[in-house]
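All remarks here apply to the structure that follows.
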RNA sequence: GCUCGAGUGGUGGAAUUGGUAGACACGCUGGACUUAAAAUCCAGUGGACAGUAAUGUCCGUAUGGGUUCAAGUCCCAUCUCGAGUACCA
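Numbering (full-length UniProt numbering), first residue to last: 1 to 1159.
As structure tokens, this is what we get:
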């Protein structure tokens, strides 16, 4: 009986579906007593093109692992579903008017059929579709949860918004340490309670984890939609090439930035590929540095130098440096011995963290203050204890700190702190909330500060200018009259350039001088303030302190505008370029930093900056909040309606809010999103239903949100929903989530590194904070499968120019037609292109002509009077050729089939000889005509062959080209495997029992066969655990080759063998398993136990090397000692021949490994 | 530019802790079977040189150095390819 794979595979696929073989047990169900294992694939977007052979690669790998874990006794959940909201269906709807739901359902059908044909062990009872209202109900629900939450930086987690409101009611917002919008106005509890509800809502919106904000987007008026950065190519839309402009729009955003640090930290505890972690790290973009404020000097007027009697006070730094060490020591000592009151207040200041950071016993100028908030320039002193330092100078000190340095000093007595702490706190709060006093700064200013963020505060003495982004708000304020024209012209010029232009054109250096100067906080030297578009308004503060010697961009800018480039690095030449190395840096020309290496200089300078009160240590993140609105139809609608322009959440019990029907899927004429076309899209607060727009009265019926959610909304929690997919009362039961916990193995493409995988982690952490999930990372282990590449074919084409020199001719439908007295007399179809060989192609390319072509042209012209054909080297093309137009699996072009295609119907082959296409490895894609469809492979070779071959191609994570020809190898392996079990008469099934199993006349398998089996068990088990599936396929081949040679037909060998192979080739395994007499599925048969005793060897074939080069091998007993081995080797005739009389200097013997003779 | 990954026969790729480089396949060559083809089976197959042959010698894991008795594997430098990212201060 031969191996009829089509029948076998269909039979078992039907069996699995009917018996629900792969249904995973939830808690309480039979099977849930087993340990759980959750294997997940990144679910697919069901595109119209269906699957190609690259898609199932990861699914096959995860399926093998899932099946292996079932053999190992786990309750395995291996679900599958569809990420079925998406742009292609919407585009198709716009073009054809077909509802996206319809096309999506059709595509899913194709996907399902294809997936079933490959024999995956998915638990289809858990299937989810993101576009199914029963599913997106919960996506909407999560959105509401996010809306009702804020991020408390003190507890470092998300909390319900009600906890924030109660803080506001009691003490206003000063003490709140939250992730929020910038620039929130401070208010007290009284103010809060007096605010109108609307005012309160507006304030709360600034704290919520999902919030409305004005976001700058890439607006494409022609498409009526917002485009992602990668949808824009060269400043125009990728699709259609329409112009794109920057536009501000009110959109929903997610406060993912609140989780930046936790998202970073979490990477350490998950087993994900390093490149993926790196790109997330990169994306989050944490940088440590300092905020430093530079004062703007009165514009135009340079301050007089101290020697000229100017306003700057004597350089206090010198004395600082002298007492610096003393101060520090004292401060440390005092921190160890706080007074009772100090300790109490510190506990509160530290823990309550009044949004700002306080330091205790901190040196400020020449003093040590009790508590200081450097950011807010607030000093708190507690009196009554013995001031060990400056005992009688409180008044003088306060004068200096307040009047000269711009600090506010609050004083409390010990009693106040100990007995009336609330009042103390209130005063502190009030002070923190009051607008910063203009103060009596020591330098005449107009009160403007330019804060900058720098990662290299250690290079602050190298600052020779400052650069502001052209959009910086201070630009217009500080520019002097003389520079006004130039600056304005520059600002205008940059505004015209799009973000992309600016990014693309990095080389051009441009900028303008404002005429204003800032004061260097240490040297007090004036430094010129420039503007330049290399500074981005959106990052940091939109301003930089420029250190040309240490930053290449600053260097180039300085060179271009002839600004000084002071060198502050010891022993470094900066005449050619900036020196950005950190590790080898030694600072010079920098006052108290001189001679310090990078790390020490950083510590010292940050300490100094904080002490002197013009800056503080700061950690910055590059990651921005994620925009969550899309101006599309085919996405989740928001559960949001608007009252007086303010968003209101719909009560979760009325979810889902179902996507409305629209006439057309385009934006409305006035630029509203497609949902603006919906006629029934308003919310009635009385009936709690979606009602007709005509009923909108803004009292009980309100307009609903017109945007929809982005693609990542539905995929950010689907892995948890799989745990309890049909639950209608909650997103998933706590029972289910506590049983399944998290994904044990997640397999998918690396293209999701910073999208899906970052947002999912964010939502998971949020759900964790809310106590909904037990793990704050959703996937323990993740593997990126490599792409399977296609092998494209190319054809060489010479385009022809056809002319006629007869004046009564014209071109019609690709033919040259001739007419006489309005009658068509004849029509000659002239080929438009000539398909040539590579040689001819290259000939024409190089010389502009070729003899064979000339010959053909001459012949054609002779046969067709009046026709003129010309060609040239610039009319050569090399288009992709559809690989279905090749003969079988060869590179030979099927000429007839090619000429029958529309594209080449006007072409002619130059020569009669066979043509061969050139092959090249490229991404597999429809547009490159190199797609290989798995259906055809399953038809011709079977799903088991496809599965094995996809694994056999190479390591899972690596990209590799597909070559269908190679599949014959694994296919003949399966045939050999089949034969191994069919050694009876006429190829009938034949297996012998061994005597131990009670079979009378049974045969004990040979020790070789046992050895083969057990080394296979060992290797395959190791391979699966290491996700090295390609090597286990080889191992199977070796095992079957060996067992065939050994003529093994023992059940004791063949039964365990088929379990080993079952995860890889499940259909043939089930068939052989049932033939072996089992009447249940092989899927939960226990994995064979490895027994090392079968592999124990008594001897080893030693490689005998001379000077490291292997010369011959020798079989030696493993019992021999080193000396005995040496004696045996030295006595060998080949050893004597190799040595040729020389005496070896040394003999290296590693028992069981190798012998190496040196000399 | 920066970060990460990878370079092994004609091809896909093997090679535990450094210990017989090229497993297993594809392809190719030769043979068996066949009228023939397909399928199947058998043998050979990194390169160069010597020999009728068995066999032997030399060269070989991107390039150049180094460590070691021994390097595809470890170290240093360079080149090439791929992925991600980018005026991120």
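Where a beta carbon is used, it is the ideal one built from N, C-alpha and C, also for glycine.
Nearest neighbour of residue 738, chosen from 5, 37 and 465 [CA to CA]: Reading the first chain from its first residue, position 738 is the one you call residue 738. It is 37.
Per-residue DSSP class, three states only, for residue 938: The residue you call residue 938 lines up with position 938 of the first chain. It is helical.
Check whether residue 1120 and residue 1152 have beta carbons under 8 Å apart: Counting from 1 along the first chain, the entry for residue 1120 is found at position 1120. Counting from 1 along the first chain, the entry for residue 1152 is found at position 1152. Not a contact, by the Cβ cut-off of 8 Å.
Beta-carbon spacing of residue 749, residue 717 below 8 Å: As a first step, residue 749 is located in the first chain; it is residue number 749 there, counting from the start. As a first step, residue 717 is located in the first chain; it is residue number 717 there, counting from the start. Not a contact, by the Cβ cut-off of 8 Å.
Whole-angstrom distance between residue 973 and residue 889, CA atom to CA atom: As a first step, residue 889 must be located in the first chain, where it is residue number 889. As a first step, residue 973 must be located in the first chain, where it is residue number 973. Distance between residue 889 and residue 973, taken at the CA atoms: about 20 Å.
Validate contact between the segment 72-80 and the segment 116-127 using beta carbons, cut 8 Å, 3 pairs: Output reads yes: the segment 116-127 touches the segment 72-80.
For residue 648, the nearest candidate out of 694, 277, 700 and 617 (CA to CA): Here residue 648 corresponds to residue number 648 of the first chain, with the count starting at 1. Of the candidates 694, 277, 700 and 617, 700 places its Cα closest to the Cα of residue 648.
For residue 18, three-class secondary structure by DSSP: Indexing the first chain from 1 puts residue 18 at position 18. Helix at residue 18.
Nearest residue (CA-CA) to residue 142, options 1125, 762, 599 and 853: Taking the first residue of the first chain as position 1, residue 142 is located at position 142. The candidate whose alpha carbon is nearest that of residue 142 is 762.
C-alpha distance - residue 576 paired with residue 555, whole-angstrom precision: Taking the first chain and counting its residues from 1, the one referred to as residue 576 is at position 576. Taking the first chain and counting its residues from 1, the one referred to as residue 555 is at position 555. In this structure, the alpha-carbon of residue 576 lies about 9 Å from that of residue 555.
Inter-residue spacing [alpha-carbon to alpha-carbon] between residue 1040 and residue 976: In the first chain, residue 1040 corresponds to position 1040, counting from 1. In the first chain, residue 976 corresponds to position 976, counting from 1. Cα-Cα distance, rounded: 7 Å.
Residue environment, residue 361, which counts as buried when at least 16 other CB atoms sit within 10 Å: By 1-based counting over the first chain, the position of residue 361 is 361. Classification for residue 361: buried.
Cα-Cα separation, residue 714 to residue 241: In the first chain, counting from the first residue as 1, residue 714 sits at position 714. In the first chain, counting from the first residue as 1, residue 241 sits at position 241. Rounded to whole angstroms, residue 714 to residue 241 spans 30 Å at the Cα level.
Check whether residue 382 and residue 425 have beta carbons under 8 Å apart: Along the first chain, one-based indexing puts residue 382 at 382. Along the first chain, one-based indexing puts residue 425 at 425. A distance of 8 Å or more separates the beta carbons of residue 382 and residue 425.
Rounded distance between the beta-carbons of residue 1042 and residue 1080, thought under 8 Å: In the first chain, counting from the first residue as 1, residue 1080 sits at position 1080. In the first chain, counting from the first residue as 1, residue 1042 sits at position 1042. With a Cβ gap of about 30 Å, residue 1080 and residue 1042 do not count as contacting.
Spatial distance of residue 372 from residue 707 (CA atoms): As a first step, residue 372 must be located in the first chain, where it is residue number 372. As a first step, residue 707 must be located in the first chain, where it is residue number 707. Their backbone Cα atoms lie some 47 Å apart in a straight line.
Helix, strand or coil at residue 914 according to DSSP, with G and I counted as helix: Here residue 914 corresponds to residue number 914 of the first chain, with the count starting at 1. The answer is coil: DSSP assigns residue 914 none of H, G, I, E or B.
Reference residue 11, options 704, 1074 and 1097, closest by Cα: On the first chain, position 11 is the one that residue 11 refers to. From the listed residues 704, 1074 and 1097, the smallest Cα separation to residue 11 is found for 1074.
Distance, residue 550 Cα to residue 397 Cα: Counted from its first residue, the first chain places residue 397 at position 397. Counted from its first residue, the first chain places residue 550 at position 550. Between the alpha carbons of residue 397 and residue 550 lies a gap of roughly 38 Å.
Cβ neighbour criterion (16 or more within 10 Å) applied to residue 859: Walking along the first chain from the start, residue 859 turns up at place 859. Burial is judged here by how many other beta carbons sit within 10 angstroms of a residue's own beta carbon; residue 859 has fewer than 16 and is exposed.
Residue span of the alpha helix (DSSP H) that contains residue 634, given as start and end: Position 634 of the first chain holds residue 634. Looking at the DSSP string, residue 634 is not in any alpha helix (DSSP H), and its letter there is neither H nor E.
DSSP-derived helix/strand/coil call for residue 45: In the first chain, residue 45 corresponds to position 45, counting from 1. Secondary structure of residue 45 (DSSP, three-state): coil.
Buried/exposed call for residue 295, threshold 16 Cβ in 10 Å: Position 295 of the first chain, counted from the first residue, corresponds to residue 295. By the neighbour-count rule (16 or more Cβ atoms within 10 Å), residue 295 is buried.
In chain order, each alpha helix (DSSP H) run of at least 4 residues that lies wholly inside the segment 577-615: Whole alpha helix (DSSP H) segments, 4+ residues: 598-612.
First and last residue of the uninterrupted alpha helix (DSSP H) at residue 1110: Counting from one through the first chain, the residue named residue 1110 turns up at place 1110. Premise fails: residue 1110 lies in the beta strand (DSSP E), 1109-1117, not in any alpha helix (DSSP H).
3-residue-minimum beta strand (DSSP E) runs that sit fully inside the segment 234-268, ordered along the chain: As summarised for the segment 234-268, the continuous beta strand (DSSP E) elements at least 3 residues long and confined to that stretch are 245-254, given in chain order.
Beta-carbon spacing of residue 802, residue 869 below 8 Å: As a working note, residue 802 is residue 802 in the first chain. As a working note, residue 869 is residue 869 in the first chain. Taking 8 Å as the Cβ cut-off, residue 802 and residue 869 qualify as a contacting pair.
For residue 560, three-class secondary structure by DSSP: Position 560 of the first chain, counted from the first residue, corresponds to residue 560. DSSP, reduced to helix, strand and coil, places residue 560 within a helical segment of the structure shown.
Unbroken beta strand (DSSP E) run spanning residue 951, endpoints: In the first chain, counting from the first residue as 1, residue 951 sits at position 951. Run containing residue 951: none in the beta strand (DSSP E); it sits in the alpha helix (DSSP H), 943-952.
Contact the segment 268-276 vs the segment 775-794: 3+ CB pairs below 8 Å: Yes, the segment 268-276 is in contact with the segment 775-794.
Under the three-state DSSP convention, the category residue 322 falls into: For the purposes of this step, residue 322 is taken as the residue at position 322 of the first chain. Bear in mind that a pLDDT of 43 at residue 322, under 50, signals an unreliable position, so the number given afterwards is only what the model happens to contain. Note: residue 322 maps to helix in three-state DSSP.
C-beta contact flag for residue 165 and residue 149 at 8 Å: For the purposes of this step, residue 165 is taken as the residue at position 165 of the first chain. For the purposes of this step, residue 149 is taken as the residue at position 149 of the first chain. The answer is no: Cβ separation not under 8 Å.
Cα-Cα separation, residue 25 to residue 35: Against the first chain, residue 25 aligns to sequence position 25. Against the first chain, residue 35 aligns to sequence position 35. Rounded to whole angstroms, the separation of the alpha carbons of residue 35 and residue 25 is 11 Å.
Buried or exposed (CB count within 10 angstroms, at least 16 for buried), residue 1093: Here residue 1093 is taken as the residue at index 1093 of the first chain, counted from 1. For residue 1093, the number of other beta carbons within 10 angstroms of its own is below 16, and it is reported as exposed.
Where the alpha helix (DSSP H) through residue 166 begins and ends: As a first step, residue 166 is located in the first chain; it is residue number 166 there, counting from the start. 161-171 is the span of the alpha helix (DSSP H), which, as asked, contains residue 166.
Sequence ranges, alpha helix (DSSP H) only - wholly within the segment 78-159, length at least 4: Listed in chain order, they are 87-96, 100-117 and 133-147.
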